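**Q** Sharing a structure with you now.
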Amino acid sequence: MTRQMTGAKMVVQALRDQGVDTIFGYPGGAVLPIYDEVFQQNAIRHILVRHEQGAVHAAEGYARSTGKPGVVLVTSGPGATNAVTGLTDALMDSIPIVVLTGQVPTFMIGTDAFQEADTVGITRPCTKHNWLVKDTEKLSGVIHEAFHVATKGRPGPVLVDIPKDVQFATGAYTPPAKTKVSRYQPQLKGDMETIIELVEAIENAEKPLFYTGGGVINSGPAASQLLRELVEATGFPITSTLMGLGAYPASGDKWLGMLGMHGLYEANLSMHGCDLMINVGARFDDRITGRLDAFSPQSRKAHIDIDPSSINKVIRVDMPIVGDIAHVLEDVLKVWKARGRKVNRDGIAKWWKQIEDWRKVDCLKYKPSPKTIKPQHALTRLEALTKKYDRYICTEVGQHQMWAAQYLGFEDPNRWMTSGGLGTMGYGFPASIGVQMGHPDALVINVAGEASWLMNMQEMGTAVQYNLPVKQFILNNERLGMVRQWQELLHGERYSHSWSAALPDFVKLAEAFGAKGILCKDPADLDEAIMEMIEHPGPVIFDCLVEKHENCFPMIPSGEPHNKMLLSDAKTKDAIGTKGAVMV
Amino acid sequence: MSPLQIKKGSNKHSAYNLRPTFSDVQETHTLAVLVDNEAGVLARVIGLFSGRGYNIDSLTVAEVDHAGHLSRITIVTTGTPQVIEQIKAQLGRIIPVHEVHDLTVEGSSVERELALIKVASKGEQRVEALRLADIFRAHVVDSTLESFVFQITGTPEKVDAFADLMRPLGLVEVARTGVAALSRGA
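Sequence lines, in order, name chains A and B.
Taking our numbering, the leading residue of the first sequence gets 61, the next gets one more, and so forth.
Taking our numbering, the leading residue of the second sequence gets 2, the next gets one more, and so forth.
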């Protein structure tokens, strides 16, 4: 049955019919009719953020931790432009987000009206798709299509721009079931011939390796389950990108740890030395490959990805399989089992022996200090003390993010929220708010650097208003740590603007917002302070003063292949002369 | 050599010096892209090319199915084989794009372009321009005592050749439609 209603009411009805229970937003002139409808119902909870960027990151955190699309409601003009960073972040990391923006009335579009911006024009390159709806009759259909596009295929952010007169006008509402079937239907099943070729390669490989990414998590819980089954059954080692952590459990004995620029020695050398690389839902990002002409030179490469444009983009692969990870892995397992579950046992045993030798290097060891808290130590303790909780981790961007990826272990998918592709400082705090909304009883920790955290610190108001007990675990080195590290390594130790001379007192800051602040600077107090943070029922800012000049290792210098990695004992001072440092 | 194993003065440590080892032979391809004729669809296609640094040698667009609201965009582009493959895959990702055809590899195709060419001259030059127009099967669509406007259709190369010949004969202005293309056969 189609029903007549205003455009504003349609928006709320469509969200309800799409199963939305939480939206993140900020009101303004051009969305007032929709906010009026939000006010008059209780099925959808609206979280008032303090900045529209925070709304989108919160929706990302919600989406990544629940597997459901995140929904954002903001106004026209500045409301929409403030959402752009979040949209780009979601596009790079393939996160399903639906952003609804108000727009000036249709008859004022193009007149430089108050708070007018060409929202669909601005967001065209940073959304998977966007719509400007000029007719109330089409509004419900477009919103349903928006959810379809955001969640199907390679997920991504979409935006629906709704002029204010369209919100006021009346039209027929079409429920999702009555909406015409979308033409957008990405291919789910992989090509069987190539799958058989991959199975043959699996049967014969002497030095195989799974290289997995965020696509496994995006595909859903079944994909992680099938991946685990395939890894256990074949006995192949597995590594993952930053985005894919948790798809295979960190405690699993086939787990090599994260790979890439700050990945583990054994993971990177396995990538370099393998003879069969099975890329499952990763995209050969430059932080992973390093120098392309020396990337894994001896391997045959299979690439499973739902997005055809990911295939052969930067690395030529031998076995491209376009399809949904869960569908393809299911077929791979089926074919491999039907052919007698064969693998090259002798070869793989030798390969594991080699990997064990690399593991012995113990690339994550660091020099502990009795006086100052080493960031690695802080994370090791955080891991030990929070492991047993129902735990979700967010991060900001920088050294702390890489250390978190190295020193924290993830047993399940959807437990790790970090800005990978875009590298958005300020992502983690609002994301943690979104995660907590999706998981009210869980322990949600944002591992942060003080500089990143300050970029969206206004969301402290949101956390306090909704009493979201998010734990802001700030590794405070009073520096832009990763920038400082690069300046040390590549720019002759000229620390240009990579430190802050006016940091707030984080404990007082927390108290000013009505939250709890904890300061910790002595390694001896660390465990007790972390427990205090965990046990506090509300939001906490944990100001952990750490060693100021610690560098993040291991590290593949940019433009180098995997086997040229630097370990923590590398002497980095004067690593590059003044002349060399002028080049980036 | 430093502990980073990078020679002083080398640019090897650039984060962006990561060129892949694909063939770098430049090829020109003609792509036919069938899209929903909706607001912004051309901007999506053009934005893809500018945003990802691809070339557009020529682009034409018009609605070809009024009932189905479908437009056909014909794009001539130049790039390495890997870039051409990427362009096709990226075009395929755009939601209102129905089909992407690479006419250059999908069998042979017919490519035509229309141009209007204004030539102003007198005396022998004017006669010569008319004579060449006849050879090229260009039509006179406007004429004054001092000028002609020729209409010529053909491959882009033929249009180029005709325009080049008109240059010493008083060429004033050229307007070209860009390439329209269809595959040969049924």
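Positions of the beta carbon are idealized from the N, C-alpha and C atoms, including for glycine.
Just so we're clear, the structure is a prediction, and the values are computed from it rather than from any experiment.
Use the C-beta contact count for His30(B): other C-beta atoms within 10 angstroms, 16 or more gives buried, fewer gives exposed.
**A** Buried: at least 16 other Cβ atoms inside 10 Å.
**Q** Spatial neighbours of Glu64(B) within its chain, please: C-beta separation below 6 Å, excluding the five flanking residues on both sides.
**A** Excluding residues within five positions, the ones whose Cβ falls inside 6 Å are Asn38 and Ser72.
**Q** Output the distance between the C-alpha atoms of Asp335(A) and Ser558(A), rounded to the nearest integer angstrom.
**A** Taking the straight line from one Cα to the other gives about 42 Å.
**Q** CB-CB under 7 Å to Gly469(A), same chain, minus the five flanking residues each way: which ones, in chain order?
**A** Excluding sequence neighbours, Gly469(A) sits near Ala310, Ser311 and Glu443.
**Q** Considering only their Cβ atoms, is the gap separating Val142(B) from Gln152(B) smaller than 8 Å?
**A** Yes, the Cβ-Cβ distance between Gln152(B) and Val142(B) is below 8 Å.
**Q** So His363(A) contacts chain B; which residues on that side make the cut at Cβ distance below 9 Å?
**A** Residues of chain B passing the Cβ test: none, with the nearest at roughly 13 Å.
**Q** In chain order, what residues of the stretch 119-137 of chain B put their CB closer than 7 Å to some CB of chain A?
**A** Per Cβ criterion, the list is empty.
**Q** Looking only at its own chain, which residues have a Cβ that is under 6 Å from the Cβ of Gln414(A), when we skip the five neighbours before and after it?
**A** Excluding residues within five positions, none has a Cβ falling inside 6 Å.
**Q** Can you check which of these residues, Val276(A), Asp346(A) and Asp450(A), is closest to Ser154(A) by C-alpha distance?
**A** Nearest of Val276(A), Asp346(A) and Asp450(A) to Ser154(A), Cα basis: Val276(A).
**Q** Could you please tell me which residues of the stretch 68-95 of chain B, in chain order, have their CB closer than 7 Å to any CB of chain A?
**A** Going along the stretch 68-95 of chain B in chain order, one finds Gln83, Glu86, Gln87, Ala90, Gln91, Gly93 and Arg94 with a Cβ nearer than 7 Å to chain A.
**Q** For Ala386(A), which residues does DSSP report across the bridge?
**A** Beta-bridge pairing links Ala386(A) to no other residue.
**Q** Going by beta carbon distance, what residues of the same chain come within less than 7 Å of Pro215(A), once the five residues before and after it are set aside?
**A** Closer than 7 Å at the Cβ level, and outside the excluded window around Pro215(A), lie Ser154, Ile155, Pro156 and Asn278.
**Q** Under a CB-based cut-off of 8 Å, is Val144(A) close to chain B?
**A** Not one chain B Cβ lies under 8 Å of Val144(A).
**Q** Any idea what DSSP makes of Gly640(A), helix, strand or coil?
**A** With a pLDDT of 36 at Gly640(A), under the threshold of 50, the predicted position of this residue should be treated as unreliable, though the coordinate-derived value follows. Here Gly640(A) sits in helix by DSSP.
**Q** Whether or not the stretch 480-496 of chain A and the stretch 445-460 of chain A are in contact is what I'm after, with contact meaning three or more pairs of Cβ atoms, one per stretch, closer than 8 Å; do they touch?
**A** Cβ pair count under 8 Å is three or more, so yes.
**Q** Can you give the beta carbon distance from Ala210(A) to Pro129(A), rounded, assuming they're within the 8 Å contact cut?
**A** Between Pro129(A) and Ala210(A) the Cβ distance is about 5 Å, and since that is below 8 Å, they are a contact.
**Q** Can you tell me the Cα-Cα spacing of Asn611(A) and Leu199(A), whole angstroms?
**A** Distance between the alpha carbons of Asn611(A) and Leu199(A) is about 52 Å.
**Q** With 16 other CB atoms within 10 Å as the buried threshold, where does Ser109(B) fall?
**A** Answer is exposed; the Cβ neighbour count stays below 16.
**Q** Which ranges does the alpha helix (DSSP H) cover as unbroken runs of at least 4 residues, wholly within the stretch 568-599 of chain A, from first to last along the chain?
**A** Within the stretch 568-599 of chain A, the complete alpha helix (DSSP H) runs of at least 4 residues are 586-595.
**Q** Which class does Glu64(B) belong to by DSSP, given the choice of helix, strand or coil?
**A** Correct three-state label for Glu64(B): strand.
**Q** Distance cutoff 8 Å, beta carbons only. Does Arg45(B) sit that close to anything in chain A?
**A** Judged by the 8 Å Cβ criterion, Arg45(B) is in contact with chain A.
**Q** Which class does Val142(B) belong to by DSSP, given the choice of helix, strand or coil?
**A** Strand at Val142(B).
**Q** Please confirm whether Ala116(B) and Arg177(B) have their CB atoms less than 8 Å apart.
**A** Yes, Cβ-Cβ distance for Ala116(B) and Arg177(B) is below 8 Å.
**Q** Mind the definition here: the stretch 175-195 of chain A touches the stretch 518-530 of chain A only if three or more C-beta pairs lie below 8 Å; say whether that holds.
**A** With a cut-off of 8 Å, the stretch 518-530 of chain A and the stretch 175-195 of chain A do not count as touching, because too few Cβ pairs lie within range.
**Q** Can you check whether the C-beta of Lys373(A) is within less than 8 Å of a C-beta belonging to chain B?
**A** Yes, Lys373(A) lies at the interface with chain B (some Cβ there is under 8 Å from its Cβ).
**Q** Nearest-angstrom Cα distance between Phe355(A) and Ala140(A)?
**A** Rounded to whole angstroms, Phe355(A) to Ala140(A) spans 40 Å at the Cα level.
**Q** Looking at the strands, I want to know which residues DSSP matches up with Leu117(B).
**A** Partner(s): Gln152(B) and Ala176(B).
**Q** Name the chain A residues whose beta carbon is nearer than 9 Å to that of Ala40(B)?
**A** Going along chain A in sequence order, the residues near Ala40(B) (Cβ under 9 Å) are Val180, Leu192 and Lys194.
**Q** Run down chain A in chain order and give the residues with a C-beta less than 7 Å from the C-beta of Gly52(B).
**A** Ordered by position in chain A, the residues that pass the 7 Å Cβ test against Gly52(B) are Pro185.
**Q** For Ala655(A), which of Val164(A), Ala232(A), Arg124(A) and Val180(A) has the nearest alpha-carbon?
**A** As shown, chain A starts at 61 and ends at 644. That puts residue 655(A) outside it, with no answer to give.
**Q** Round the Cβ separation of Ala307(A) and Pro473(A) to the nearest angstrom and send it over; I've been treating them as touching at under 8 Å.
**A** Indeed, because the Cβ distance is near 5 Å, the residues count as touching under 8 Å.
**Q** I'd like the span of the alpha helix (DSSP H) that includes Ser154(A), first residue to last.
**A** First-last for Ser154(A): undefined, no H or E at that position.
**Q** Taking three-plus beta-carbon pairs below 8 Å as touching, is the stretch 32-48 of chain B in contact with the stretch 75-93 of chain B?
**A** Verdict: yes, contact present.
**Q** Distance, Cα to Cα, Gly69(B) vs Leu35(B)?
**A** Computed Cα separation, rounded: 11 Å.
**Q** Which value, in whole angstroms, describes the spacing of the CA atoms of Ser24(B) and Gln83(B)?
**A** Spanning the two alpha carbons is a distance of roughly 8 Å.
**Q** Compare the beta carbon distance of Gly60(A) and Met303(A) with 8 Å and say whether it is the shorter of the two.
**A** Here chain A has residues from 61 to 644 only, and residue 60(A) is not among them.
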